[in-house]
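Each residue of the sequence shown is one higher than the one before, starting from 907 at the first, in our numbering.
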Amino acid sequence: MKTRYATENVPSTVVVAKSPIVTPMSSPPRELRYQHSLQGVKARNVRFDLQMKTLVLIAALAVALWVSASVAPSSQAQSQAECSLTSTGLVPLTDMGRRRYRGFRGGLYPAGRNKPSPGYLRKGLASARRVRPIGDKIVLLSVGMANTTQEFSAFKRAADRDPAKNGNLTIVDGAQDGWDAERVRTDSTYWDTIDERLTAAGVSSDQVQAVWLKELIAGEARRFPKDARGLQNDLRVIARTMRFRYPNLRLVYLSSRTYGGYAITGLNPEPAAYDSGYAVRGLIQERMGGKVKGPWLGWGPYLWTDGLRGRKDGLVWTCDDVQDDGTHPSKTGIQKVVNMLLTFFKTDPTARRWFAPTR
């Protein structure tokens, strides 16, 4: 963008008009006035030159800093996570009891419960009994964003080494970096990439019978409950898409975000990370009420905890559990999620029958 500077027009020839009678006491001689005029013009020109040089120097410095930042190694360009925010004071959904969050009750399921109602659980068990090998394969697939693929790919490696895992079970990581819920629900190329990964694993979309779904909205800045409702709408569309792309899908397990208090970017900090739990709960409640059709929807492991303050089961999330951006999990953070996923699939009544059947 060009910047215009207002300058005074200086004539190349100075014309001095003849004046009436001038006495020595009323004004200086004409030659002196002419010299003063030239000195004033020169002074203004000098000031203008200095201003221009200063602006050019500032612009050059800004460009140099920008270029330096753009080509610097990633390790130098990264900042450290905000490790001082060790607690938000928010209460994990699983610990809320009768307390409310901005008028909304806690619990993973309606009425403040952390487990599905007996009637809804029976429906989940009925769906679980329908999970059987198709062409000798049962596929457990992940759907989600960067954090999801980091966590689920590590879970796959751990589960594949576990002797308790069902020999007919194939685990496929379909989650992808850079795909938030808004983008997944509107861009079909996401699903094309999953198809490619299924093919590479030697399985097909017809063999997908269980999904772990974990998503967010990047840059979410709306206040609760608008942020949760926005994500809930996206999750509903994603669930409907999976219903048609995977005709034998029986079970979808959802998880919300991990603690976001250490974040230094606007990707998904607090309280959006915490609020995503209400988006998951809201969608499950819609499925319980029959407003959403298709596979049974239930909670996978609940991952959020209030930083170092933790929650009743002892789970804490330290600054060492995140990368320098404070958002993506580090090796220790990934391992915590892996452990929760393994425990869930090996113990949950709707999952253990087909994930780790008793021999």
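Cβ coordinates follow ideal geometry from the N, Cα and C atoms, glycine included.
Keep in mind it's a predicted model, so treat the numbers as computed, not measured.
Using only CA atoms, which one of the options lies nearest to residue i?
i	options	result
G1041	G1108, Y1180, L1214	G1108
F1061	P1263, L1248, K1252, R1259	L1248
S1161	A1065, L1122, E1176	L1122
T1253	G1216, D1227, T1147, A1070	A1070
Q1113	R1089, K1029, K1043, K1199	K1043
V1045	L996, V1244, A1106, G1084	A1106
D1219	E1102, V1158, P998	P998
V1049	N1072, L1119, L1104, D1098	L1119
S1182	G1166, P1153, E1192, R1193	G1166
L1141	V1090, R1011, R1217, W1260	V1090
I1100	G1080, D1093, G1213	G1080
S1202	Q1191, P1016, D1226, F1251	At residue 1202 the sequence reads Trp, which differs from the Ser that was named. Closest by alpha carbon: Q1191.
D1231	G1136, T1092, Y1168, R1128	Y1168
Q1115	M1002, L1173, G1030, D1001	G1030
G1196	T1076, L1014, G1025	G1025
Y1208	R1258, F1251, C989	F1251
A1145	R1006, T1092, S1059, Q1229	T1092
L1173	T1256, R1103, N1074, M1051	M1051
A987	R1259, R1258, M1246, Q1229	Q1229
R1258	D1133, V1037, T1147, V1198	V1037
A1134	P1263, Y1007, M1002, T1264	Y1007
Pick helix, strand or coil for residue i, following the three-state DSSP scheme.
i	result
L1031	helix
P1153	coil
I1044	strand
L1104	helix
V1267	This structure cannot speak to residue 1267, because the chain is shown only from 907 to 1265.
L1137	helix
L996	coil
F1251	helix
Y1026	helix
R1038	coil
T1264	coil
R1163	coil
R1142	helix
M1002	coil
K1071	coil
S1111	helix
K1132	helix
Starting from residue i, trace the alpha helix (DSSP H) both ways and give me its first and last residue.
i	result
G1183	1178-1194
L1122	Unbroken run through L1122: none, as it is neither H nor E.
V1090	1087-1090
F1061	1052-1067
W1260	1258-1261
In terms of residues, what are the limits of the beta strand (DSSP E) holding residue i?
i	result
W1202	1202-1205
D1079	1075-1079
Thinking residue i and residue j are a contact (beta carbons under 8 Å), I'd like their distance in whole angstroms, please.
i	j	result
S1033	R1156	4 Å
A1179	T1164	7 Å
T1171	T1233	6 Å
L1189	Q1241	With 8 Å as the limit, L1189 and Q1241 do not qualify as a contact, their Cβ atoms being about 28 Å apart.
E1057	V1244	7 Å
D1227	G1239	3 Å
R1117	V1078	Checking the displayed sequence, the identity of residue 1117 turns out to be Val instead of Arg. No, V1117 and V1078 are not in contact; Cβ-Cβ is about 10 Å, not under 8 Å.
T994	P1235	The Cβ separation is near 18 Å, so there is no contact.
D1086	A1124	4 Å
G1213	T992	5 Å
R1151	W1097	6 Å
F1010	P1131	7 Å
Taking 8 Å as the cut-off, is the C-beta of residue i nearer than that to any heavy atom in the ligand MG?
i	result
M1148	The model on display carries no ligand, and the ligand MG is accordingly not part of it.
In the DSSP output, what is residue i paired with across the bridge?
i	result
G1216	D1212
P1235	V1228
A1116	L1046, L1157
Y1007	F1010
Y1168	Its beta-bridge partners do not exist; DSSP assigns none.
Y1096	DSSP, once it has assigned bridges, lists no residue as partnering Y1096.
R1019	Y1015
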